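Residue numbers (the numbering used here), protein chains in the order written: chain A, 4 to 418; chain B, 4 to 418. Just so it is clear, CB atoms sit at the ideal spot from N, CA and C, and this is done for glycine as well. In this text, all values refer to a predicted model and were calculated from it rather than measured experimentally. First up is the structure itself, then whatever we jot down about it.
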């Protein structure tokens with residue numbers, strides 16, 4: 004894959020310059036990129052139409068067509084994301100911590116860019132702009148490898164972004180797109196050891212498995228979301244219903260949607276039927292354990308498979324638990340450590356749930372749907388890490404950096 | 004490997020309890036462990052004698068025998084390490100950052116233990132105590148897999164540590180040793196996916212390659228140290244000589260020893276010969292480029308191989324550079340991003356070197372030998388990361404943690 008290795012080499016060469024760009028150059032570039040996207044909306048939509056028509060001819064599903072389609076509103080939203088990233092503080096140069104040793108050495112841990120960040124993603128053209136903006140702001144060169152389905156859209160977007168960035172003083176190779184979207188180009192990128200400092204896959208199980216099997220470059224997994232809402236005995240009933248409805252139905256196909264509802268036994272009769280009725284009204288299929296089926300007979304029986312499934316659909320597994328302990332145990336046994344919520348008025352229960360549940364994001368009296376870089380205020384999102392090393396949960400600018408120690412002495416040597 | 008998987012399962016089960024141990028329990032345990040090591044010094048030395056005699060009979064090198072040997076002084080030093088770890092602030096529960104969103108959500112990023120940490124290491128019994136102490140303090144269960152050479156010593160140390168820890172209220176499975184030191188047990192540990200949250204290999208190239216090839220659990224590489232000292236045109240000559248001598252000769256076999264000296268051309272005649280004479284007096288073999296050999300004819304000619312070699316011996320590659328830029332380029336081309344130093348009186352040169360050299364630790368007017376967890380004040384050291392993700396440079400307690408987001412709402416749902 005000569006093309007991929009050339010692109011990676013150019014990214015590596017540009018990385019040093021990108022890393023030391025002044026904040027004002029990066030921010031000026033980001034704002035220019037935002038303006039340029041809006042000014043080029045017509046061209047971008049024209050390019051996108053080619054992709055959409057090809058996808059339609061290929062019989063692509065309506066959901067995927069919807070994700071692929073660019074509109075003026077979506078372009079405005081991409082531009083808004085870039086402006087929001089520009090408004091974030093520059094992570095590069097942040098002194099994370101610093102201290103003085105007894106021998107007089109001054110030690111500073113300073114935030115620095117990773118170098119070259121690569122992202123493999125599916126047919127969502129907005130990712131092209133989001134990722135480019137986050138990587139530039141964090142001082143990294145980026146190598147984008149989108150899906151063939153969105154190729155014309157991505158080419159058009161990258162051209163607009165690069166022109167604007169280059170005019171603002173950013174090296175051309177800071178933002179590059181791999182246009183070859185065959186499987187080999189993805190594999191070549193996963194194996195560009197020494198050239199790629201971080202690879203973020205944004206895709207389904209097949210992509211993640213391929214990365215785990217083939218990647219020789221460092222990567223962060225943006226994996227499953229088998230999210231839980233636990234409604235504690237002390238929960239405010241109205242709030243509990245609102246949160247469960249939102250977590251399940253506001254966008255069932257995404258990783259921060261709830262898949263399992265756990266209900267304290269004391270609420271099984273007085274709250275659960277009403278909540279399940281509200282969910283059913285929204286078209287949600289209920290799968291419950293025996294105690295759920297006692298109060299909601301039309302529920303399909305839930306099996307262990309249900310506790311372990313990320314439906315990504317209007318289906319909810321429901322279980323009655325006898326205690327907070329049982330709820331915590333269930334989440335830790337079946338969850339994917341992505342996002343889980345408790346609804347409670349009991350501060351002790353909230354404290355135990357947030358401490359003992361081993362998840363990347365834990366929500367008290369709020370919806371799991373907030374597990375999202377944008378909702379966290381990161382301007383845009385590079386992904387949601389479901390691993391524990393380097394980053395966990397929604398990833399923003401800091402997660403695209405590493406640190407170095409800078410140690411200031413006046414002649415100290417070690418005994 | 005039934006044994007390894009059993010040990011890992013027990014560690015996983017204990018991890019939840021270890022994670023929530025109060026600081027005072029952990030600190031009391033660490034102090035008790037330190038006392039117990041000193042009180043058991045006789046037994047530990049007896050067990051160690053078995054290892055040492057077997058190693059001698061096997062024809063093990065003097066250096067390795069030295070590392071393996073326990074003395075009262077070394078046991079006292081292990082105890083001091085545990086006490087120093089006890090004195091560190093508890094990283095668990097630290098709120099790394101927190102903020103309020105416009106919708107009223109309060110977001111906190113909280114430091115939490117990783118869970119189960121595994122360490123594969125060579126015949127240095129002190130690592131057994133250092134790693135156990137760091138893992139306990141950071142709320143992790145630890146699985147130790149030492150070398151067969153140190154088996155009796157490690158068994159004796161772990162028994163002492165566990166008894167003391169258990170009496171102080173720590174679960175027994177918080178500290179476990181894999182006694183089977185065959186290759187298969189290492190491989191089984193590398194592949195204990197779902198049970199091991201972090202694997203740290205402390206060993207040579209063969210171990211690192213085996214981890215890279217076989218590991219399915221997350222790991223951090225503690226790799227090479229091809230460290231540089233750059234003596235800038237403005238350097239204080241006496242300080243430069245002291246630092247170069249210390250970085251090269253104080254312990255040549257370790258990863259933070261200097262391997263290459265870069266000297267600004269203006270110092271080639273007036274400083275370099277004296278410095279090389281001092282190095283030669285200490286038994287250092289000099290390999291130099293043409294300009295070095297002009298002022299120090301007995302130097303062997305240096306080749307590209309020399310610039311890329313971590314000698315771990317009393318050999319130093321020396322190069323004359325025309326500028327700070329050339330020095331930075333050389334370090335970034337040939338270095339291993341471990342530790343590099345500049346000697347200078349010019350604050351601008353120091354700023355550029357620290358900014359542009361892409362290393363884990365950069366020393367200004369101080370020896371690369373300070374790249375060490377103990378010297379950084381971390382009490383002990385789990386290793387020195389030569390990678391960029393999760394941790395970089397000397398690793399202490401924080402590097403044995405991850406974070407979770409805890410989000411406090413009052414009924415917020417996402418639009």
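Local Cβ density within 10 Å of residue i, reported as buried at 16 or more and exposed below that
i, result
"residue 103 (chain B)", "exposed"
"residue 66 (chain A)", "exposed"
"residue 45 (chain B)", "exposed"
"residue 227 (chain A)", "buried"
"residue 383 (chain B)", "buried"
"residue 55 (chain B)", "buried"
"residue 74 (chain A)", "exposed"
"residue 375 (chain B)", "buried"
"residue 196 (chain A)", "exposed"
"residue 106 (chain B)", "exposed"
"residue 29 (chain B)", "buried"
"residue 251 (chain A)", "buried"
7 Å CB neighbourhood of residue i in its chain, flanking five on each side removed
i, result
"residue 407 (chain A)", "113, 115"
"residue 405 (chain B)", "115, 117"
"residue 286 (chain A)", "317"
Any C-beta of chain A under 8 Å from that of residue i
i, result
"residue 368 (chain B)", "yes"
"residue 29 (chain B)", "no"
"residue 396 (chain B)", "yes"
"residue 102 (chain B)", "yes"
"residue 347 (chain B)", "no"
"residue 16 (chain B)", "no"
"residue 372 (chain B)", "yes"
"residue 339 (chain B)", "no"
"residue 175 (chain B)", "no"
"residue 359 (chain B)", "yes"
"residue 221 (chain B)", "yes"
"residue 155 (chain B)", "no"
"residue 23 (chain B)", "yes"
Close beta carbons around residue i, own chain, < 6 Å, minus the five adjacent residues each side
i, result
"residue 50 (chain B)", "155, 156, 159"
"residue 200 (chain A)", "117, 118, 119"
"residue 43 (chain B)", "163"
"residue 411 (chain B)", "109"
"residue 395 (chain B)", "363, 388"
"residue 101 (chain B)", "111"
Sub-8 Å separation of residue i and residue j beta-carbons
i, j, result
"residue 136 (chain A)", "residue 84 (chain A)", "yes"
"residue 370 (chain A)", "residue 229 (chain A)", "no"
"residue 14 (chain B)", "residue 146 (chain B)", "yes"
"residue 194 (chain A)", "residue 220 (chain A)", "yes"
"residue 256 (chain A)", "residue 319 (chain A)", "no"
"residue 346 (chain B)", "residue 235 (chain B)", "yes"
"residue 323 (chain B)", "residue 266 (chain B)", "yes"
"residue 207 (chain B)", "residue 123 (chain B)", "no"
"residue 60 (chain B)", "residue 152 (chain B)", "no"
"residue 232 (chain A)", "residue 261 (chain A)", "yes"
"residue 311 (chain B)", "residue 337 (chain B)", "yes"
Short CB-CB distance (under 8 Å) between residue i and chain B
i, result
"residue 270 (chain A)", "no"
"residue 363 (chain A)", "yes"
"residue 108 (chain A)", "yes"
"residue 393 (chain A)", "yes"
"residue 41 (chain A)", "no"
Residues near residue i by beta carbon distance below 8 Å, same chain, minus five either side
i, result
"residue 21 (chain A)", "116, 139, 142, 143, 144, 173, 174, 177"
"residue 35 (chain A)", "167, 168, 170, 171"
- Could you list the residues in the segment 235–256 of chain B with a C-beta less than 7 Å from some C-beta on chain A, going in chain order? 242, 245, 246, 249, 253
- Query: Which of the residues in the segment 398–416 of chain B, read from start to end, lie with their CB under 8 Å from any CB of chain A?
  - Reply: Residues are counted here when their Cβ sits less than 8 Å from a Cβ of chain A; for the segment 398–416 of chain B these are 405, 406, 407, 408, 409, 410, 411, 412, 413, 414, 415, 416, given in chain order.
- Short-range partners of chain A found in the segment 204–216 of chain B, where Cβ spacing is below 7 Å: none
- Taking Cβ-Cβ distances below 7 Å as the criterion, which residues of the segment 380–391 of chain A are in contact with chain B? 380, 390, 391
- Could you run through the segment 115–134 of chain B and flag, in chain order, every residue whose CB is less than 7 Å away from some CB of chain A? 117
- What residues in the segment 298–323 of chain A bring their beta carbon closer than 7 Å to a beta carbon of chain B? none
- Taking only beta carbons into account, state which residues of the segment 273–300 of chain B come closer than 8 Å to chain A, listed in chain order. none
- Could you please tell me which residues of the segment 184–202 of chain B, in chain order, have their CB closer than 9 Å to any CB of chain A? 200, 201
- Query: Of all the residues that make up the segment 64–76 of chain B, which are near chain A by a beta-carbon distance shorter than 7 Å?
  - Reply: none
- Positions along the segment 82–94 of chain A whose CB lies within less than 8 Å of some CB in chain B: Along the segment 82–94 of chain A, there is no position whose C-beta sits under 8 Å from a C-beta of chain B.
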